[in-house]
Each structure stands twice: as structure tokens, then as C-alpha cells.
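Engineer: Going by mature numbering (1 follows the signal peptide of the UniProt record, and there is no 0), the letters in the sequence shown line up with residues -20 to -1, 1 to 398, in that order.
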Amino acid sequence: MKTLLTAALMSALMAGTALADTTLKLVEVITSPERTETLKSIVGKFEAANPGTKVEIISLPWGEAFQKFATMVSAGETPDVMEMPDTWLSLYANNGMLESLEPYLKEWDQTADLSDRALELGRDVKDTAYMLPYGFYLRAMFYNKKLLAEAGVSEPPKTMDEFAKAARKVSALPGKSGYCLRGGPGGLNGWVMFGASMAGSNEFFREDGTSTFNSEGWVKGLTWVIDLYKNGYAPKDSVNWGFNEIVAGFYSGTCAFLDQDPDALIAIAQHMDEADYGVTTMPKGPDGKTFPTIGYAGWSMFASSANKDLSWKLIAALEGKDGNVEWNKRTGALPALKSAADDPFYASPQFKGWFEELADKDAVPTVMPTHLEEFAFFKDSLVIKTSQQALLGDITPQELADQWADYLTKAQQKHLAK
């Protein structure tokens, strides 16, 4: 009897140890102190609801995240769950590295609360949910009311022509610039929005797979951005600016205009009075249309995870109503859940600009060509290097457009051949 009791006790202790040793790795890639603290809060509640489970959060700085995560993967250090940007989804899903979430969605009691758009974009690769978007990042234009008034600009610009003129007037003020240009990591959105608006189309490819980037309209748009910088309408060091620098440039009053997603509201609201800035629709091109980019990010499970059911429980905690609403309120994304639309937080004046842009029939939300496996490298490496060369005058706008078109044509034609 004593032997049986001892064996039972040892078995229970060993089971407890095994349970306590269950650790999930969660990688965060769109990182900021605020986001990381919010993630820790949600994860803490998940750990409390799942005794014996620990979640190790690995936070990668966004400007280096693509290269750092690729290095982790090549070394076999894959996480269980990761924050998946839309621009990386195709790369990892098409290489068989992500687990299909379809079986879990069939059983989850909150699947019906996911918006149709969230499910559509999450199934962008092979019509399979390799990611669940937590929210959407739609670009709109922030403007500094005080700076515009000081420069004699009576209202926020509605067209690209008006925008350039307003940027010139603000830049004439001592120590001020018109536009917070994102010349460094993450800068592709601005080039695409102004390029497409000048071209009057957000089509990235022709039917034969050739890229439109070096067409006349797109080249005019790229030239327009380069001229803003060369004419001194953006800070000189903005050639290297990423997200944190452009947001700080705006709330510090260094520059009057900033194109950004709702996540920029977090820092701006902390440093500026709500009455001193506004958010409006992106300026329109010669055809009267504008093409604000809409991006998204979400949660993915790696196929290599040894704890898939537990990893799904973590994703469900992050994506479910409580976790998703807490996350989006603190990160600024427009929510992926239908029920979040009833939350008073999104009825506040600060979101008015985005909802007006969404309602404008001439403001066409534009999804990047994230279906291409090669797009992640294009966005996070090639674009940064070549656009900085163009801003500094080392290559012409046409040469910039030709390099982008050549790369994307090969990628799209490879995709079509499949």
C-alpha cells in the first residue's frame, strides 16, 4: 500500500512538473513599449486561466524584425504563435510553415463575430486561414491645425497639388517642415499612395504579370514624393525616419502633415491636445481619387509547434472579444470583430477621419500585393535602399521605378506560372 501511495505521489509530482514546464513562445514584431505591455496584460490573463502554462514573449524591434525573424527561422528557433504582418503571410504560409486554423475556427464559439473582411484577408493564401487578423491599419492624413494657421493655410489640403503648396508654406516657417516623410523602414505605403493617386489607379500589375510601377503615372507620383524632399518640404534627416521618428516629428510640431494609421493616435494623444490636430482623407490625385493603403496584422501558429491545441487557446485569447478589444484600443488598429463597432471608444472624434475616408467613394482602400512570396523582402529591404538612393539623388525616379517594376514583374509572373 505504501509503495502504491509513493508511486501515485511521484506520478502526480511528475505530472505537475510537466504541466509547469509547458512554455509557449510568442513573437511580437510590430513592437513598441505600449504594445508589449498590452500583450503582457492579455497573456497574463491567459496564463492565469491556464495554470502551469507560461508564455515567453519575444519582442523584435520593427525596423529589424524581418531580418531578425528570418534568422530565427533559419536557425530552427520557430515560435508557437507569432504576430504576423500581412506582408509576411505569403512567405511563410506558402513554404508550409504555418498551421491551418480552419479546424479550430469550425469549433470556436466566436468565429461568427469575425468580420467578413477579417476572414477574407486571413485566408489570402490558398483560401486557408493561416492567420487571424486582429485589426486593420488604414492610412489617413494627420494635420497640425496650429502650424497650418501660422503658415496661412485655411484648411487641410484635399488634393496633392494643395498638399504640396501647403507643405511649402509651412516649410517657410523657421525650423518647420511640411511633411513627416517616412524615408526609412516601412516607407513603402507613402510611395504607393501618392504613386497610385497620381496614376489614377491602384492596379499593381497588368494581365501578363508586368508591373505598372514604371508606367508614366506611377513615375510622376514617385517624382512628386522625391520633389517634396528635394525642395525642403520634409526634414532633411527624414530620409532615415521610421514609424517612431515620423510620429515624434508630428507631435513635436516639427512638421505639419503625417500619413499614418490609427496606431499613431496613441503617442499623438499623449503629447497633443485633441483640439490642435485633425485627421482627414488622404489628398486626391488629378483624377479626383486617392488610394489609402489598408494593411493588417494578426496571429498565426507555426506548424512546428509541439503544443498546437494550447497555441490555439492563446490565439483565441488574443483574438476573442476581451483580448481583441483591449489590444486594439491600445494599439490603434480598427477592430476585426463585428461587436467592437458598438464600443463607445470607436465613436470618439479621433476616429472620425478614418470613418469618413472609408465612406468616401473616391477614397479606395488599397491592399499591397502581399500574395507574393517575394513581397516581404521587397518592402523591408529593396524599397528602403532604393528609395533612399532616389531621395538623395543617386538614382533618378525612373531608375527607381524600373528597379521596382523589374523585381515585382518577375515575382508576379512566377506567381502566375504556378
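Just so it is clear, CB atoms sit at the ideal spot from N, CA and C, and this is done for glycine as well. Treat the numbers as computed from the prediction; the structure is a model and nothing was measured.
Measure the CB-CB distance between Leu101 and Glu353 and report whether it falls below 7 Å.
Structural biologist: The residue you call residue 101 lines up with position 121 of the sequence shown. The residue you call residue 353 lines up with position 373 of the sequence shown. No, they are not a contact pair.
Engineer: To the nearest whole angstrom, what separates the beta carbons of Leu290 and Thr33, a pair I think is in contact under 8 Å?
Structural biologist: Stepping through the sequence shown from its first residue, residue 290 is reached at position 310. Stepping through the sequence shown from its first residue, residue 33 is reached at position 53. Indeed, because the Cβ distance is near 6 Å, the residues count as touching under 8 Å.
Engineer: Note down, in chain order, each residue of its chain lying with its Cβ closer than 8 Å to the Cβ of Leu362, except the 5 sequence neighbours on either side.
Structural biologist: Along the sequence shown, read from residue 1 onward, the residue named residue 362 stands at position 382. Once the five neighbours on either side are set aside, the close Cβ partners of Leu362 are Gln383, Trp384 and Tyr387.
Engineer: Check Pro65 in the structure and name its three-state DSSP category.
Structural biologist: For the purposes of this step, residue 65 is identified with residue 85 of the sequence shown, where counting begins at 1. Three-state result, Pro65: strand.
Engineer: Using the rule of at least 16 other Cβ atoms within 10 Å of the residue's Cβ for burial, across every protein chain shown, is Glu57 buried or exposed?
Structural biologist: For the purposes of this step, residue 57 is taken as the residue at position 77 of the sequence shown. Glu57 is exposed by the Cβ-count criterion.
Engineer: Based on the DSSP output, what are the partners of Ser157 in its beta bridges?
Structural biologist: Taking the first residue of the sequence shown as position 1, residue 157 is located at position 177. DSSP lists Cys235 as partners of Ser157.
Engineer: Take Lys264 as the anchor and find which of Thr311, Ser181 and Phe193 has the nearest alpha-carbon.
Structural biologist: Within the sequence shown, the letter at position 284 stands for residue 264. For Lys264, the nearest C-alpha among the options comes from Ser181.
Engineer: Taking buried to mean at least 16 other C-beta atoms within 10 Å of its own C-beta, is Leu(-17) buried or exposed?
Structural biologist: Indexing the sequence shown from 1 puts residue -17 at position 4. With a pLDDT of 44 at Leu(-17), under the threshold of 50, the predicted position of this residue should be treated as unreliable, and no value is reported.
Engineer: Does the structure place the region 109 to 122 close enough to the region 90 to 98 that three or more beta carbon pairs sit under 8 Å?
Structural biologist: In short, these stretches touch, since the Cβ pair count reaches three.
Engineer: Can you tell me which of the three DSSP states Gly275 falls into?
Structural biologist: Locating residue 275 in the sequence shown gives position 295, counting from the first residue. Strand.
Engineer: Can you find the residues in the same chain that come closer than 7 Å, C-beta to C-beta, to Ser39, ignoring five residues on each side of it along the sequence?
Structural biologist: Residue mapping note: residue 39 aligns to position 59 of the sequence shown, counting from 1. Result list for Ser39: Glu8, Thr11 and Thr16, in chain order.
Engineer: Check each candidate in Leu85, Ala55 and Ile246 and name the one with the smallest Cα separation from Lys13.
Structural biologist: As a position in the sequence shown, residue 13 is number 33, starting the count at 1. In the sequence on display, residue 13 carries Pro and not Lys. When each option's Cα is compared against that of Pro13, the closest is Ile246.
Engineer: Report the three-state DSSP secondary structure of Ile375 (helix, strand or coil).
Structural biologist: What you label residue 375 is simply residue 395 of the sequence shown in a count that begins at 1. Ile375: coil per DSSP, three-state reduction.
Engineer: Pick out whichever of Arg119, Ala45, Pro41 and Gly170 has its Cα sitting closest to the Cα of Pro242.
Structural biologist: In the sequence shown, the residue the question calls residue 242 occupies position 262. Taking only the C-alpha atoms, the option nearest Pro242 is Arg119.
Engineer: Quick check: what's the CA-CA separation for Glu337 versus Thr260?
Structural biologist: On the sequence shown, position 357 is the one that residue 337 refers to. On the sequence shown, position 280 is the one that residue 260 refers to. Going by the C-alpha atoms only, they are around 7 Å apart.
Engineer: Which residues in the same chain as Gln392 place their Cβ atom closer than 6 Å to its Cβ, once the five residues preceding and following it in sequence are excluded?
Structural biologist: Stepping through the sequence shown from its first residue, residue 392 is reached at position 412. Phe185 and Gly189, listed in sequence order.
Engineer: Just to confirm the assignment, what range does the alpha helix (DSSP H) spanning Ala249 have?
Structural biologist: The residue given as residue 249 occupies position 269 in the sequence shown. Residues Leu245 to His251.
Engineer: Spatial neighbours of Glu142 within its chain, please: CB distance less than 8 Å, with the 5 preceding and 5 following residues excluded, ordered by chain position.
Structural biologist: On the sequence shown, position 162 is the one that residue 142 refers to. The residues are Pro263.
Engineer: Just list the residues that DSSP pairs Lys216 with in beta bridges.
Structural biologist: Taking the first residue of the sequence shown as 1, we reach residue 216 at position 236. Answer is none; Lys216 lacks a bridge partner.
Engineer: Am I right that Thr51 and Phe355 are in contact with their C-beta atoms under 8 Å? What's the rounded C-beta distance?
Structural biologist: As a first step, residue 51 is located in the sequence shown; it is residue number 71 there, counting from the start. As a first step, residue 355 is located in the sequence shown; it is residue number 375 there, counting from the start. Thr51 to Phe355, Cβ: 19 Å. No contact.
Engineer: Is Lys86 buried or exposed, if buried means 16 or more other CB atoms sit within 10 Å of its CB?
Structural biologist: Your numbering for residue 86 matches position 106 in the sequence shown. When all chains shown are included, Lys86 counts as exposed.
Engineer: Tell me whether the beta-carbon of Phe122 lies closer than 7 Å to the beta-carbon of Leu208.
Structural biologist: Taking the first residue of the sequence shown as 1, we reach residue 122 at position 142. Taking the first residue of the sequence shown as 1, we reach residue 208 at position 228. Taking 7 Å as the Cβ cut-off, Phe122 and Leu208 do not qualify as a contacting pair.
Engineer: Kindly list the residues whose CB is nearer than 6 Å to the CB of Gly275, restricted to its own chain and excluding five residues on each side of it in sequence; keep chain order.
Structural biologist: As a position in the sequence shown, residue 275 is number 295, starting the count at 1. For Gly275, where only same-chain residues beyond five positions count, the Cβ hits under 6 Å are Asp66 and Tyr117.
Engineer: Under three-state DSSP, which class holds Gly197?
Structural biologist: In the sequence shown, counting from the first residue as 1, residue 197 sits at position 217. Here Gly197 sits in helix by DSSP.
Engineer: Ignoring anything shorter than 4 residues or poking outside the region 13 to 51, list the alpha helix (DSSP H) runs there in chain order.
Structural biologist: Whole alpha helix (DSSP H) segments, 4+ residues: 13 to 29.
Engineer: I need the DSSP call for Thr91, collapsed to helix, strand or coil.
Structural biologist: Position 111 of the sequence shown, counting from 1, holds the residue named residue 91. Helix.
Engineer: For Glu379 and Ser177, I'd like the C-alpha separation in whole angstroms.
Structural biologist: Start at 1 with the first residue of the sequence shown, and residue 379 comes out as number 399. Start at 1 with the first residue of the sequence shown, and residue 177 comes out as number 197. Their backbone Cα atoms lie some 20 Å apart in a straight line.
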